[in-house]
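Protein chains in written order, with UniProt numbering: chain D, 1 to 309; chain V, 1 to 309.
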DNA sequence: TTTATCCATGCGATTTGCGCAAGAGTTGGC
DNA sequence: GCCAACTCTTGCGCAAATCGCATGGATAAA
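Right, here's the structure in full:
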């Protein structure tokens, strides 16, 4: 047989109070319960821990040592469980997410800031990359979840829509088409087109949109970095089309943006998690913040400050 | 309600083995017991810890964290109780004793060495001093016990005889009385007497012995340090009488020792402990060594190596 | 399709835990 | 010197927890 936490806790209280009666009041059990618990502990250890006459309770040398050990054990239990409960409630721990660079740079800062104010002890880990890499992070478990476009379904992943992000046209400030409030993909097809790199999920969508209106010309230039793209547009090399969320990353160049229709093209950002896996509590808490922010199903407005509330 | 060690241990085994059946075999309980214990733990924490289909048992993120915490707690209990049992058996801990300088220097070294060989992890603390200080150490609890003469009984102390230590005469090598094999206190009374300091328990006995033979002269000199006394005797300033155990401390001077009778005077060294107090296990173990060394009631022989065996 | 394996659960027996109340011993006041 | 008050111990009975057995349901392997 081995000692139980119950016994150690009982002994601890009695030894600290130097009284069975006082300890019983403190633990809200009857005094006889403690008498038995201590007697059992003594029997199991084979030593007298408390020297008790009817007036005083006094620790023996063995009792002192047992007190120290009992304190360690009970405290390890108490603090361990407390820590665990904080983890389970999402108050502490690590929240690891993977997402596209635009989401990471534009959407997350305010949300993370709000989340950290709510749960200051959660470590937030953000890994950004292109869709393929982001999905890979989730599949490998590096990330608890992702916010990303998702090209192909997988039975190893679950996903649900989070936000719709509409493409807008991007033109040099002085471009003739900049007069109009609204452009079409056919309008863009008449101009040299500046595209993002072929790995980007955005590229898939622009290619598809042009194909839909029967335009097949290759891009005039490609840049994987959006700021570079912004610079090229500002320099008058051509026009582009990008999701609203990406626009703040265009950089300091003088460009203008316009509504883009015919057709309206959106990319959909989903929350992606591993199938049949429960999220770590801190990550679940972050997802709540994410979805509570009324982002759900909403479209990203043209301005960048849409999440300000 | 709070988690019990039973539950944590059960979860630990299941999580480590990733199998209820294997864990049950390891813990030698039925598989249903573990199934319940884990379910209870999950219910109390309000989280699913193990994702189990009929083929695999897999930890959730919460399960991983719980595993870490459970390991800490169970390990703290296991190692704490192990340490405690070692302390209680006297294998570890501290043995603190107080004793007279002669005992400390002459009697203890061999005993402590034997004891340390037997129990290498016990710290031995020896405090030496004169009787009054030694007794004080025991009363204050600084020392677990003492080996000392004990002048006055106290109801706060228990004591039992350990060893008898006979006084012997000490003379300059070339002294006329050195011819004889055996001297009397009357013989010594005819010579200048070199006494130990008035605080020493030895002094009480020499004074009493001289009084018994009707000699009342004051000592020719006093020295609290026995080596000093030895030097004085060697220099021919007079003679002395000291317990056999003290003689090895006389120092390098050329002195001789002789049996001393008329009357035979002994000091008795007792083991002194606090009344109504249990000894720390390590101290009790040392006392056993002390009393097992067949010292009990024996007289210190003239040579210093009497304990060599 | 059958078989084997694994976890969950109903059931009954046993053990454990608990409080009440009485007992025993000591202190302090009258 | 006796009694009242206080404290720990212990007998007893009840309630709850714990356990193992046997069974059921589900799935993977043969």
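Built from N, CA and C at the ideal position, the CB exists for glycine as well.
Residue j beta carbon less than 8 angstroms from that of residue i
| i | j | result |
| --- | --- | --- |
| residue 230 of chain D | residue 205 of chain D | no |
| residue 138 of chain D | residue 98 of chain D | yes |
| residue 268 of chain V | residue 149 of chain V | yes |
| residue 160 of chain V | residue 289 of chain V | no |
| residue 255 of chain D | residue 192 of chain D | no |
| residue 73 of chain V | residue 80 of chain D | yes |
| residue 260 of chain V | residue 183 of chain V | yes |
| residue 90 of chain V | residue 281 of chain V | yes |
| residue 23 of chain D | residue 34 of chain D | yes |
| residue 245 of chain V | residue 106 of chain V | yes |
| residue 66 of chain D | residue 84 of chain V | yes |
| residue 51 of chain D | residue 12 of chain D | no |
| residue 315 of chain V | residue 14 of chain V | Residue 315 of chain V cannot be examined here, being either before or after the span of chain V that is shown, 1 to 309. |
| residue 232 of chain D | residue 221 of chain D | yes |
Cβ separation of residue i and residue j, assumed to be a contact under 8 angstroms, to the nearest whole Å
| i | j | result |
| --- | --- | --- |
| residue 195 of chain V | residue 213 of chain V | Not a contact, Cβ separation roughly 15 angstroms. |
| residue 293 of chain V | residue 145 of chain V | With 8 angstroms as the limit, residue 293 of chain V and residue 145 of chain V do not qualify as a contact, their Cβ atoms being about 15 angstroms apart. |
| residue 201 of chain D | residue 262 of chain D | With a Cβ gap of about 22 angstroms, residue 201 of chain D and residue 262 of chain D do not count as contacting. |
| residue 103 of chain V | residue 147 of chain V | 5 angstroms |
| residue 6 of chain V | residue 37 of chain V | 7 angstroms |
| residue 121 of chain D | residue 100 of chain D | At roughly 27 angstroms, the Cβ-Cβ gap does not stay under 8 angstroms, so residue 121 of chain D and residue 100 of chain D are not in contact. |
| residue 41 of chain D | residue 3 of chain D | 6 angstroms |
| residue 197 of chain D | residue 240 of chain D | Not really, about 13 angstroms apart at Cβ, beyond 8 angstroms. |
| residue 128 of chain D | residue 275 of chain D | Wrong, their Cβ atoms sit about 23 angstroms apart, outside the cutoff. |
| residue 208 of chain V | residue 143 of chain V | Contact doesn't hold; Cβ gap of about 27 angstroms is too wide. |
| residue 266 of chain V | residue 115 of chain V | Actually they do not touch by this definition, with Cβ atoms about 26 angstroms apart. |
Within-8 angstroms CB hit, residue i to chain D
| i | result |
| --- | --- |
| residue 279 of chain V | yes |
| residue 125 of chain V | no |
| residue 250 of chain V | no |
| residue 3 of chain V | yes |
| residue 308 of chain V | Legend: pLDDT at residue 308 of chain V = 28, less than 50; position of this residue unreliable, no value from coordinates given. |
| residue 290 of chain V | no |
| residue 188 of chain V | no |
| residue 45 of chain V | yes |
Buried or exposed by the 16-neighbour rule on C-beta atoms within 10 Å, applied to residue i
| i | result |
| --- | --- |
| residue 62 of chain V | buried |
| residue 21 of chain D | exposed |
| residue 252 of chain V | exposed |
| residue 165 of chain V | buried |
| residue 141 of chain V | exposed |
| residue 169 of chain D | buried |
| residue 297 of chain V | The predicted model places residue 297 of chain V with a pLDDT of 46, which falls under 50 and marks its position as unreliable; any figure quoted below should be read in that light. Counting Cβ neighbours within 10 Å, residue 297 of chain V comes out exposed, since fewer than 16 surround it. |
| residue 320 of chain D | Residue coverage of chain D in this structure runs from 1 to 309, which leaves residue 320 of chain D outside it and unanswerable. |
| residue 258 of chain D | buried |
| residue 236 of chain V | exposed |
| residue 264 of chain V | exposed |
| residue 9 of chain D | buried |
| residue 217 of chain D | exposed |
| residue 153 of chain D | exposed |
| residue 55 of chain V | exposed |
| residue 32 of chain D | exposed |
| residue 211 of chain V | exposed |
| residue 285 of chain V | buried |
Proximity test, Cβ basis, 8 angstroms: residue i and chain V
| i | result |
| --- | --- |
| residue 139 of chain D | no |
| residue 48 of chain D | yes |
| residue 51 of chain D | yes |
| residue 15 of chain D | no |
| residue 12 of chain D | no |
| residue 7 of chain D | no |
| residue 297 of chain D | Bear in mind that a pLDDT of 46 at residue 297 of chain D, under 50, signals an unreliable position, so the number given afterwards is only what the model happens to contain. Output row for residue 297 of chain D: interface = no. |
To be precise: take each residue of the segment 59-90 of chain V, compare its Cβ to all Cβ atoms of chain D, and keep it if any distance is under 7 angstroms. Which residues remain? Going along the segment 59-90 of chain V in chain order, one finds 60, 61, 62, 65, 66, 69, 72, 73, 76, 77, 80, 81, 83, 84, 87 and 88 with a Cβ nearer than 7 angstroms to chain D.
Contacting positions in the segment 261-279 of chain V - beta carbon closer than 9 angstroms to chain D: Residues 276, 277, 278 and 279.
Proximal residues, the segment 140-171 of chain D versus chain V, C-beta separation under 7 angstroms: From the segment 140-171 of chain D, no residue has a Cβ closer than 7 angstroms to chain V.
What residues in the segment 223-243 of chain D bring their beta carbon closer than 8 angstroms to a beta carbon of chain V? Against chain V - using a Cβ distance shorter than 8 angstroms - the segment 223-243 of chain D contributes no residues.
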